[in-house]
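S.K.: Let me begin by handing over the structure; questions about it come next.
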Amino acid sequence: MTETDTLPNRAGPAPDAPPRDVADFIETAHHADLARWLKDLPRTQVWRHLAGLGPERRVRVFTNMDLDSQAELARDMAPADLAALVSGMGGDDRVDLYNRLTPEEQAQLLRDLPAEDRADISRLAAHAEGTAGAIMTSGYATLGAEMTVREAIAALRVAAPASETIYRSYILDDAARLIGSIRLHELILADEATPVAAIMDRHPVSVSVDTDQEETARMIAHYDLLALPVVDAGGRLVGIVTHDDAADAMDAETTEDFQRISTVLPFKHNMREAGIGVLYSRRIVWLALLVFGNLFSGAGIAYFEETILAYVSLVFFLPLLIDSSGNAGSQSATLMVRALATGDVVLKDWGALIGRELLVAALLGATMAIVVLPVGIARGGADVAWVVGLTMFLVVIVGSLVGMSLPFLLSRLRLDPATASGPLVTTISDAVGVIVYFSIATLVLSL
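Sequential numbering of the sequence shown, starting at 420, is according to this note's numbering.
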């Protein structure tokens, strides 16, 4: 191995790299790269490296670690060291860590924190998970409408160290109600004697603390904002949701949707660190429930046993037909789940969409019926071919309509529409497909 082979790259050096290279990497690496490298080291080494960093850099590196790693490290730290680290973190970041600790660890941390930080954590942690209040931060800059531009810029210099962003400041009245906002760009370009009230935006976009975090993230993207103010029921500013926190929330929501699409109960651990018990418990529930759903398919086959014995060739086409129904249903369900998640469609659109889906499904079913007809003739003759073709046409329509409608139904029942995709739609479509197939076969072939 050459000397250059041992040098760290931007992704971090190997854990057994020479001490000189480690020291160089720790000193020069971006805090996100350093956090990723430290993640693979034993916890004792991680804390030793963190302890050697300056306070500000230590906080940045620690914050870039995943929450599971943060919680594990927090348990290894002396209470005073943990309190000092948490005090330097942003309000939203320390609340995320706080929520990962046990009640006993939370109580100990609160006792060790300054009163101001303790009150901030308690206030932010009180909001329901999945809402804007749960992902907001208290690190924002405020100004008074009566200030001049000169006074506002001076105030921002003081507020900047404790603020997540000062690119947009928020104007409050005497009761802390949000009455406007202003960009730093506008302050820099304005005359120093101009009152803030004369140039502020008097109709800032905002959300309430109870707004769903997905909707919050969509608003940030729609209005192209760096941060979105969060207000309480009285219109008082209580925090802001920054674009990076919104992106993290959307990433978590997307991961949860993918888990639900596969009928896996959501879990917060990443796949690399999730234990056997977690993976088993999150997957077994739906698998067990779907077993009972599949019994309907078996019952359908048993009910039409005489038809099957009389025309054994029908069995050859059974997997093809029910799989086609399930596949068509999964396609429709996935499209609808994503459309509902992004806000492209809402519940009231179901009536308009069902007609279009019926037409599309009919075209798909007819095309697939034409494709399968020659196979039916070759395997079972003209009569069986007509049964298979007509069944294919109908089951694709049924599967598509089931797949499109289930997400709307679950949304109406205030359940996650992602649950409608994948195995659930396939199970329903399979059972319906079996009944349709053998009902048509019994009717046509008996004639």
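Note that CB positions come from ideal geometry on N, CA and C, so glycine has one too.
These numbers were taken from a predicted model, which means no experiment stands behind them.
Taking the C-alpha atoms as reference points, what is the distance between A617 and E633?
M.R.: Between A617 and E633, the C-alpha separation is close to 34 Å.
S.K.: Specify the secondary structure class of T521 as computed by DSSP and reduced to three states.
M.R.: Of the three classes helix, strand and coil, the one that applies to T521 here is coil, per DSSP.
S.K.: Taking one C-beta from the segment 811-830 and one from the segment 742-762 each time, how about it: are there three or more such pairs within less than 8 Å?
M.R.: Yes: the two stretches touch, three or more of their Cβ pairs being nearer than 8 Å.
S.K.: Roughly how many angstroms lie between the CA atoms of A729 and Y699, to the nearest whole one?
M.R.: In a straight line, the C-alpha of A729 is about 43 Å away from that of Y699.
S.K.: Counting Cβ pairs, one atom from each stretch, are 3 or more of them under 8 Å apart for the segment 797-810 and the segment 730-746?
M.R.: The segment 797-810, when compared against the segment 730-746, does touch it at the 8 Å Cβ threshold.
S.K.: Taking three-plus beta-carbon pairs below 8 Å as touching, is the segment 486-494 in contact with the segment 513-524?
M.R.: They touch, by the three-pair rule.
S.K.: Comparing C-alpha positions only, which one of I598, D485, A665 and P533 sits nearest to A646?
M.R.: The shortest C-alpha separation from A646 is found at A665.
S.K.: Specify the secondary structure class of S916 as computed by DSSP and reduced to three states.
M.R.: Here the chain has residues from 420 to 866 only, and residue 916 is not among them.
S.K.: Let me know the secondary structure DSSP gives D763 once reduced to three states.
M.R.: Of the three classes helix, strand and coil, the one that applies to D763 here is coil, per DSSP.
S.K.: Whole-angstrom Cβ separation of Y589 and L656, contact assumed at under 8 Å?
M.R.: Indeed, because the Cβ distance is near 6 Å, the residues count as touching under 8 Å.
S.K.: For L864, which residues of its own chain have a beta-carbon under 8 Å away from its beta-carbon, when the five flanking residues on both sides are left out?
M.R.: Correct list, in chain order: T726, A729, Y730, D802, V803 and V806.
S.K.: Of the residues E475, G808 and V704, which one's Cα is nearest the Cα of I741?
M.R.: If we check each option's Cα against that of I741, G808 comes out closest.
S.K.: Between S848 and L759, which are expected to be in contact by the criterion C-beta below 8 Å, what is the C-beta distance as a whole number of angstroms?
M.R.: About 20 Å separates the two Cβ atoms, so there is no contact after all.
S.K.: Using a Cβ-Cβ cutoff of less than 6 Å, which residues in the same chain neighbour A578 once the five nearest sequence positions on both sides are dropped?
M.R.: Closer than 6 Å at Cβ, skipping near neighbours: A560.
S.K.: What is the DSSP secondary structure of T861, counted as helix, strand or coil?
M.R.: Reduced to three states, the DSSP call for T861 is helix.
S.K.: Judging by CA-CA distance, which residue of R462, A470 and F481 is the nearest neighbour of D452?
M.R.: Considering only alpha carbons, the answer is F481.
S.K.: According to DSSP, what are the bridge partners of S588?
M.R.: Looking at the DSSP assignment, S588 forms a beta bridge with I601.
S.K.: With DSSP collapsed to three states, give me the class of G563.
M.R.: Correct three-state label for G563: strand.
S.K.: Output yes or no for whether 8 Å exceeds the beta carbon distance between E583 and T674.
M.R.: Going by C-beta atoms, E583 is not nearer than 8 Å to T674.
S.K.: Tell me whether E776 is buried or exposed, calling it buried when 16 or more other Cβ atoms sit within 10 Å of its Cβ.
M.R.: Buried: at least 16 other Cβ atoms inside 10 Å.
S.K.: For T845, name the three-state secondary structure that DSSP assigns.
M.R.: Looking at T845 - three-state DSSP - the assignment turns out to be helix.
S.K.: How many angstroms separate the CA atom of A846 from the CA atom of P793?
M.R.: Strictly speaking, residue 846 in this sequence is Thr, with Ala absent from that position. Using only the alpha carbons, I get a separation of about 28 Å.
S.K.: Does G818 pass the burial test, meaning 16 or more other C-beta atoms within 10 Å, or should it be called exposed?
M.R.: It counts as buried.
S.K.: Exposed or buried, A547, counting other C-beta atoms within 10 Å across all chains shown (16 or more means buried)?
M.R.: Label assigned to A547: exposed.
S.K.: Rounded to whole angstroms, what's the CA-CA distance from K767 to P836? Just pull it up for me.
M.R.: Taking the straight line joining both Cα atoms gives about 15 Å.
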